[in-house]
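Asker:
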Amino acid sequence: MSRIGTAVRVAQVSLLALLALGGQAVAQAADAGPKVTDAHFTIAPGYLERADVPNSLMLLGPPPAAGSAALARDEEARRATLDLRGAERWKLATQDADLAFPKPAENFSCALGVPIDEANTPRLYGLMVKLLSDAGLSTYGVKNKYERTRPFAVHNEGTCTPDQEAILREDGSYPSGHTAAGWAWALALSEIAPDRSNELLARGIAFGQSRVVCDAHWQSDVDGGRIMGAATVARLHADPVFLADLNAARGEVEAARAKSLKPAQDCAAEAAALSQTK
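If you use mature numbering (1 follows the signal peptide of the UniProt record, and there is no 0), the sequence shown corresponds to residues -29 to -1, 1 to 249, in order.
1) How big is the Cα-Cα spacing for ALA235 and THR110?
2) So the alpha helix (DSSP H) PHE123 belongs to, where does it begin and stop?
3) Looking at the unbroken alpha helix (DSSP H) that takes in GLY200, where does it start and where does it end?
4) Assuming LEU83 is part of the alpha helix (DSSP H), what are its boundary residues?
5) Please identify the residue among SER80, LYS249, GLY222, LYS114 whose C-alpha is closest to the C-alpha of THR8.
6) Could you give the distance in angstroms between the alpha-carbon of ALA152 and the alpha-carbon of ALA219?
7) Relative to the C-alpha of TYR96, which candidate in GLN247, TRP189, PRO133, LYS74 has its C-alpha closest?
8) Under the assumption that THR203 contacts ALA155 (Cβ atoms under 8 Å), give the Cβ distance between them as a whole number of angstroms.
9) Identify, in the order they occur along the chain, each residue of the same chain with its Cβ nearer than 6 Å to the Cβ of PHE178, setting aside the five sequence neighbours on each side.
10) Under 8 Å: do the segment 142 to 151 and the segment 183 to 200 share three or more Cβ pairs, one atom per stretch?
11) Compute the Euclidean distance between the alpha carbons of GLU241 and ALA173, then round it to the nearest angstrom.
12) Using CA atoms only, rank isn't needed, just tell me which of ALA187, GLY200, CYS238, CYS185 is closest to LEU31.
13) Terminal residues of the continuous alpha helix (DSSP H) containing ASP9?
14) Among residues of its own chain, excluding the 5 on either side of GLY84, which ones have a beta-carbon nearer than 8 Å to its beta-carbon?
15) Starting from the C-beta of LEU70, find all residues in its chain whose C-beta is less than 6 Å away, skip the five residues before and the five after it, and write them out in chain order.
16) Taking DSSP as the reference, what is the three-state secondary structure of CYS131?
17) Can you grab the Cα-Cα spacing for the pair ALA48 / ASN127, in whole Å?
18) Rounded to whole angstroms, what's the CA-CA distance from LYS101 to HIS208? Just pull it up for me.
19) Just to confirm before moving on: does the CB-CB distance between GLN94 and GLU223 stay below 8 Å?
20) Quick one: Cα of SER27 to Cα of GLY112, how far?
Structure (structure tokens):
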């Protein structure tokens, strides 16, 4: 097992304890930055120092106000997903909700067309681990300022991840950290494999929409998350370590293609789930 894999697995064991405690107190003690309620974003160090992570307080406005057209749009988007609950798209959204590696790498393997794993693409795998932290942490300035209530709590419903609902109730809904990470992954992967950019960007969009399907986020939360994911990747282009990993990951993907390696996931089933609208 690689050093990245060992470190991530040890951190994931610790994450279970953090989630049991709500993660909040431990995350606050870990650094002097914003309070981080969801400990998924502190599993491993990112590329950026906390001071260099994009500041959502400077990039985003407030969430939609009560009675606004924007809030009506959020409610309309939520209602459009009601028929998906329990369907294959709901099940895929449940998989997308899992930020513990290797699941995120698996979730983007079909779109890339090759397996993303420690054995075949270790630099790419490590890049995704680090991006999770940088993109997720970029959302917390605004999360903490507005502490927006999530749709499942407003409507007294459940999500696709009942075990995470206690954490979600304490973690601001706006903007979506899951979406920020998913969009950052899609953008970076599109640079690594530009010939698969349409598939990868579509998967990144769907990854964010999974949060609406799950009833865990409002549409405007997802929209804001995409802004923060894009801001994070833009900032990382000034980071030499990220750029080196990006270049190394291109070589790994080329090598995997030369070996005709294919994802282990059922890509046809994933495509069918993604196409489901009711």
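Cβ coordinates follow ideal geometry from the N, Cα and C atoms, glycine included.
Answerer: Inspection of the coordinates gives the following:
1) Along the sequence shown, one-based indexing puts residue 235 at 264. Along the sequence shown, one-based indexing puts residue 110 at 139. Those two C-alpha atoms are separated by around 32 Å.
2) In the sequence shown, the residue the question calls residue 123 occupies position 152. It spans 122 to 125 - the alpha helix (DSSP H) in which PHE123 sits, taken as one unbroken run.
3) Taking the sequence shown and counting its residues from 1, one reaches residue 200 at position 229. Counting along the chain, the alpha helix (DSSP H) containing GLY200 begins and ends at 190 to 207.
4) Taking the sequence shown and counting its residues from 1, one reaches residue 83 at position 112. Counting along the chain, the alpha helix (DSSP H) containing LEU83 begins and ends at 80 to 83.
5) Here the question's residue 8 lines up with position 37 in the sequence shown. It is LYS114 whose Cα lies nearest to the Cα of THR8.
6) Your numbering for residue 152 matches position 181 in the sequence shown. Your numbering for residue 219 matches position 248 in the sequence shown. Computed Cα separation, rounded: 20 Å.
7) Counted from its first residue, the sequence shown places residue 96 at position 125. Of the listed residues, the one whose Cα sits closest to TYR96 is LYS74.
8) To locate residue 203, count along the sequence shown from 1; it is residue 232. To locate residue 155, count along the sequence shown from 1; it is residue 184. Contact annotation, THR203 with ALA155: C-beta distance approximately 5 Å; criterion of less than 8 Å satisfied.
9) Counted from its first residue, the sequence shown places residue 178 at position 207. Around PHE178: ASP67, GLY153.
10) Cβ pair count under 8 Å is three or more, so yes.
11) Taking the first residue of the sequence shown as position 1, residue 241 is located at position 270. Taking the first residue of the sequence shown as position 1, residue 173 is located at position 202. So the alpha carbons of these two residues sit roughly 12 Å apart.
12) Taking the first residue of the sequence shown as 1, we reach residue 31 at position 60. Of the candidates ALA187, GLY200, CYS238, CYS185, the one whose C-alpha sits nearest the C-alpha of LEU31 is GLY200.
13) The residue labelled residue 9 in the question sits at position 38 within the sequence shown. Element bounds for ASP9: n/a, residue is neither H nor E.
14) In the sequence shown, residue 84 corresponds to position 113, counting from 1. So the qualifying residues of the chain are ALA164, ARG167, GLU170, ARG228, LYS233, PRO234.
15) Position 99 of the sequence shown, counted from the start, is the residue given in the question as residue 70. So the list reads HIS11, once near-sequence residues are dropped.
16) The count along the sequence shown starts at 1 and reaches residue 131 at position 160. Collapsing the DSSP output to three states places CYS131 in coil.
17) The residue given as residue 48 occupies position 77 in the sequence shown. The residue given as residue 127 occupies position 156 in the sequence shown. Near 17 Å, if we compare the C-alpha coordinates of ASN127 and ALA48.
18) Locating residue 101 in the sequence shown gives position 130, where the first residue counts as 1. Locating residue 208 in the sequence shown gives position 237, where the first residue counts as 1. Rounded to whole angstroms, LYS101 to HIS208 spans 14 Å at the Cα level.
19) Within the sequence shown, numbered from 1, the residue matching residue 94 stands at position 123. Within the sequence shown, numbered from 1, the residue matching residue 223 stands at position 252. Inspection of the sequence shows that residue 94 is occupied by Arg rather than by Gln. Cβ distance < 8 Å, so ARG94 and GLU223 count as in contact.
20) Walking along the sequence shown from the start, residue 27 turns up at place 56. Walking along the sequence shown from the start, residue 112 turns up at place 141. Their backbone Cα atoms lie some 6 Å apart in a straight line.
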